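Beneath this line is the structure, given in structure tokens, with notes to follow.
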Amino acid sequence: MGATDRKVGRTPGPRTGSSKRLARIDAAVGLSFAAPAVIGVLVLGLVPFGYVIWYSLHDWSPLIGEFNWIGLDNFTRLIADDTVWSSFLTTFKYAALLMVLNITLAMGLAVLLNQKLRGTTTFRAFFFSPVIVSAVAWVLVWNYLVAANGGINGALATIGIQGPNWLRDPTWALVTVVVIQVFKGVGMNMILFLAALQNVPAELREAARIDGASPARIFRSVTLPLISPTILLVVMITTIGAMDVFVPIQILTQGGPGRSTTVISYLLYRTAFEQQDFGYASAIGVVLFVVVLVLAALQWSSRKRWVHDEV
């Protein structure tokens, strides 16, 4: 007889009809709460993706009214399309630069905020506020700031520096979009890193300090391993978001100058809504999904080598 049984004064027996009925009610209540989320995933996720796969196997142009089965011809065409691969390369460049800048800056800000300095609440609110601003509004403000005669070049001119045409120079256009998006999203990653840093046991850092470890060594050997699960989460969500960038490209550069900022999601949009080639656009979407899935799988599988789940 266990301690629990002794407290209630009886041994556990088989479930009565009443207890089984209560269990069924509990299960039904649980399913009722989960059902909206499950239905939402099915209706808004899996079903549309199934249609995309189906459309990718057809030559479909709504304006003309054609909807002809062509099998894998769209994918064969995609493999030979230099524009698609150039757009993927631009997307990878964008994603890599965004990840390095965003994660590095977010980590630095989180470490600074974790020092319990005066004014950290205001500082945190300042960097987090862009996260809650509409993406379109955010980009429109920056469109003014980085214009050839905009705020940034005006400020540079006051100190005798002639700024470039940020959005029309192939050297600067993609970098400018990256910087704008870094400031848009760094606040969220900063909060995630800050929460992870505040969960690191202080006694572990103190023990390392007593052993003579420098602050840099403590951060590298104690703090980073303990927050590595959060780092993995941030890397994955930042990668997925970077591979799906669209709003800043559409508003700021329209894929130019030339094709220097034509990322794959923007090429998909133009193929579908400007060229009205929905079948080919669907094939591009399927390949993009597979690429993102592979990247996420590679990042997840790498966790065994550098993510520490236990203190």
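With full-length UniProt numbering as the guide, the letters of the sequence shown map in order to residues 1 to 311. A virtual CB, placed ideally from N, CA and C, is assigned to each residue, including glycine. Note that the structure is predicted; figures quoted are calculated from it, not measured.
Contact check, residue i vs residue j, beta carbons under 8 Å
i, j, result
"V222", "A208", "yes"
"F278", "P62", "yes"
"T90", "L174", "yes"
"N114", "N189", "no"
"Y144", "G151", "yes"
"V245", "V263", "yes"
"P170", "G258", "yes"
"V186", "L105", "yes"
"A95", "M243", "yes"
"L288", "Q181", "no"
"P130", "W142", "no"
Residues near residue i in its chain [Cβ-Cβ closer than 8 Å; skip 5 each side]
i, result
"V136", "V247, I251"
"G2", "Unreliable positioning characterises G2 in this predicted model, as indicated by a pLDDT of 47, which lies under 50. The coordinate reading is nonetheless provided below. Nothing meets the Cβ criterion."
"A296", "M236, T239, I240"
"S86", "R259, T262"
"L224", "I231"
"L156", "Q162, G163"
"I53", "S282, V286"
"D26", "none"
"W172", "P164, N165, W166"
"K7", "Unreliable placement is indicated for K7, whose pLDDT of 45 sits below 50; the coordinate value is still reported in the next sentence. Nothing meets the Cβ criterion."
"D309", "P229"
Bridge partner(s) assigned by DSSP for residue i
i, result
"Q60", "In the sequence as displayed, the identity of residue 60 is Trp instead of Gln. DSSP, once it has assigned bridges, lists F67 as partnering W60."
Own chain residues within Cβ distance below 6 Å of residue i, not counting five before or after
i, result
"V84", "L78"
"N165", "A148"
"W300", "none"
"G255", "T261, T262, Y266"
"D73", "none"
"T76", "none"
"S18", "none"
"T271", "D277, Y280, A281"
Option nearest residue i by Cα separation, candidates the options
i, options, result
"V307", "L267, V291, S228", "S228"
"V146", "I159, R168, I64, G30", "R168"
"V178", "F289, T253, G119", "T253"
"A195", "A96, F289, A110, L105", "A110"
"residue 393", "Q275, V38, L31", "A question about residue 393 goes unanswered here, because the residues of the chain that appear run from 1 up to 311."
"F92", "S265, R305, L112, S129", "S265"
"S134", "F88, K184, Q162, N74", "K184"
"A216", "W138, V100, I132, G108", "G108"
"L226", "A27, G119, R303", "R303"
"residue 317", "G212, A28, D211, T176", "Past the boundaries of the shown model lies residue 317; the chain is included only from 1 to 311, so the question cannot be answered."
Same chain, Cβ closer than 7 Å to residue i, neighbours up to 5 away in sequence not counted
i, result
"H58", "F67, N68, W69, I70, G279"
"I218", "R205, A208, R209"
"K20", "none"
"Q198", "N114"
"L140", "I251"
"T4", "Interpretation of T4 is limited by its pLDDT of 45, a score under 50 that renders its predicted location unreliable; the figure taken from the coordinates is listed afterwards. Around T4: no qualifying Cβ."
beta-carbon residue i near the ligand FMN non-hydrogen atom, thresh 7 Å
i, result
"A213", "Because no ligand of any kind appears in the structure shown, any question about the ligand FMN cannot be addressed here."
Next on the checklist: Closer than 8 Å is the cut-off here; do at least three beta carbon pairs connect the stretch 228-237 with the stretch 121-132?
Outcome noted: With a cut-off of 8 Å, the stretch 121-132 and the stretch 228-237 do not count as touching, because too few Cβ pairs lie within range.
Checklist entry - Are at least three pairs of beta-carbons, each pair with one atom in the stretch 281-291 and one in the stretch 50-57, less than 8 Å apart? => result With a cut-off of 8 Å, the stretch 50-57 and the stretch 281-291 count as touching, because enough Cβ pairs lie within range.
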